[in-house]
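Visitor: Residue numbers (the working numbering): 1 to 269. Just so you know, even glycine gets a beta-carbon here, dropped at the ideal spot from N, CA and C. Mind having a look at this structure? Questions to follow.
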Amino acid sequence: MNSLPRLVATDIDGTLVRSDRTISPRTIATLERVSATGVPVVLVTGRPIRWLHQVYEQLSTPLPAVCANGAVIYDPDTDTPLHTAPMDPEMLSRVAERLRAEIPGVVLAVEIEDSRHMLHEQEWPVRYESGMPTIRVVGSPEEITSAPAVKLLARSGSRDADEFAALVNGCLTGLAEATHSSYSGLVEISAVGVTKAAGLEWFCRRHGVDAADVIAFGDMPNDLPMLTWVGRPVAMANAHRAVLEIAADTALSNDDDGVAAYLEKVFGF
């Protein structure tokens, strides 16, 4: 990519958002300036739709989003999912059955209704949404797989995040996509072929943009498909080692306004 990008894609957590969960005024202003040039900016995140308001409240204009690691493409202007790729109950049951058989003590949750709601098993640690109507504990293990879900989530005690992700990937090969975006031992599972790259490709196709003309920023393993698909993959300085290894370039950390600083140079702001 020698000319200006035709689309900017950025992860949210660990990339656009700082450690205190805020977006800096500099970053907000830079994204506005990029959009003003006519170049679309799209958020590409593992977050569900219900967590996007925390970002939109800080931006002057809500940005379109590829959510749930590519399973949902969301239009904030109409509050509408433009495209979804959920796992059906039969597939969820097969995946859950295999996980429970091969990983003793695994605890599961699902993102349902286009990721506006979450169901989780009793042992699931609820950290940010305790008492909120958007999440609910299930009455039985079978309820986890009773409705289509855009993402299945798995935890298993205090296992190392990379080791647990590798374990889950090993037992789900050919059955589902498994990745992770945190260091807490949480694995995110989607239907086969559903990744950030697939979701971003759907969005780009809608806008007539080729992969070679996209610049993307990311920091965690769930960003790898996206970063290997775009023409200019940029890792944050704070990125997971797997991301740093494949990126064409590195930006400053999320706490140092890395996305903004990089885009300012690219666009000559």
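1) To the nearest angstrom, how far is it from the Cα of L63 to the Cα of L186?
2) Starting from I23, trace the alpha helix (DSSP H) in both directions and tell me its first and last residue.
3) Keeping to the same chain, check which residues put their C-beta closer than 7 Å to that of G38; ignore five residues upstream and five downstream.
4) Tell me where the alpha helix (DSSP H) around Y262 begins and ends.
5) Where does T61 sit, in a helix, a strand or coil, going by DSSP?
6) From this set, P48, S60, D213, S3, which residue's C-alpha is nearest T30's C-alpha?
7) Please list the segments of the beta strand (DSSP E) lying wholly inside the stretch 67-150, counting only runs of 3 or more residues, in order along the chain.
8) Within 10 Å of its beta-carbon, does P104 have 16 or more other beta-carbons around it, so buried, or fewer, so exposed?
9) Using the beta-carbon count (16 or more within 10 Å), is S158 buried or exposed?
10) Beta-carbon separation of T145 and P89 under 7 Å?
11) Return the Cβ separation of T250 and V234 in integer angstroms, given the expectation that the two are a contact with Cβ distance under 8 Å.
12) Does the stretch 199-210 come close enough to the stretch 14-22 that 3 or more CB-CB pairs lie under 8 Å?
13) Three or more beta-carbon pairs under 8 Å between the stretch 105-114 and the stretch 150-168, yes or no?
14) Within 7 Å of any Cβ in chain C, is that where the Cβ of L167 sits?
15) Go to P225, then tell me how far its alpha helix (DSSP H) extends in each direction, as first and last residue.
16) Using only alpha-carbon positions, find the residue among A197, R241, G208, W124 that is nearest to L227.
17) Could you tell me the distance, in whole angstroms, from the CA atom of R94 to the CA atom of A109?
18) Using three-state DSSP, classify V194 as helix, strand or coil.
19) Could you have a look at D249 and say whether DSSP puts it in helix, strand or coil?
20) Below 6 Å CB to CB, which residues in the same chain sit around W229 once its five sequence neighbours on both sides are set aside?
21) Excluding the 5 residues flanking P5 on each side, which residues of the same chain have their C-beta closer than 8 Å to its C-beta?
22) Identify, in the order they occur along the chain, each residue of the same chain with its Cβ nearer than 7 Å to the Cβ of E123, setting aside the five sequence neighbours on each side.
23) Do V44 and A101 have their C-beta atoms within less than 7 Å of each other?
24) On a CA-only basis, which of N222, D255, P225 is nearest V237? Give me that one, please.
Guide: Judging by the given coordinates:
1) Cα to Cα, the separation comes out at about 27 Å.
2) Membership of I23 in any alpha helix (DSSP H) is not indicated, and neither H nor E is assigned to it by DSSP.
3) In its own chain, leaving out the 5 sequence neighbours on each side, no residue places its CB closer than 7 Å to the CB of G38.
4) That run of the alpha helix (DSSP H) goes 258-267.
5) In the structure shown, T61 adopts coil according to DSSP, grouped into three states.
6) For T30, the nearest C-alpha among the options comes from S60.
7) Here the runs fully enclosed are 72-75, 80-84, 107-112, 117-120, 135-137.
8) Under this definition P104 is an exposed residue.
9) With fewer than 16 Cβ atoms within 10 Å of its Cβ, S158 is classed as exposed.
10) For T145 and P89, yes; Cβs fall inside 7 Å.
11) Yes, T250 and V234 are in contact; Cβ-Cβ is about 7 Å, under 8 Å.
12) Output reads no: the stretch 199-210 does not touch the stretch 14-22.
13) When C-beta atoms of the stretch 105-114 are compared with those of the stretch 150-168, three or more pairs fall below 8 Å, so the two segments count as touching.
14) Among the chains of the structure shown, chain C does not appear; only one protein chain is present.
15) 224-229 is the extent of the alpha helix (DSSP H) around P225.
16) A197 is the residue among A197, R241, G208, W124 whose C-alpha sits nearest the C-alpha of L227.
17) R94 and A109 have their C-alpha atoms roughly 15 Å apart.
18) Three-state result, V194: coil.
19) In the three-state reduction of the DSSP assignment, D249 falls in the strand class.
20) The residues are A197, A211.
21) Counting only Cβ-Cβ distances below 8 Å, and skipping sequence neighbours, we find V39, D213, V214, I215, G231, R232, V266.
22) Excluding sequence neighbours, E123 sits near V107.
23) Going by C-beta atoms, V44 is not nearer than 7 Å to A101.
24) Before going further, note that residue 237 is Ala rather than Val in the sequence given. Minimum Cα distance to A237 is reached at D255.
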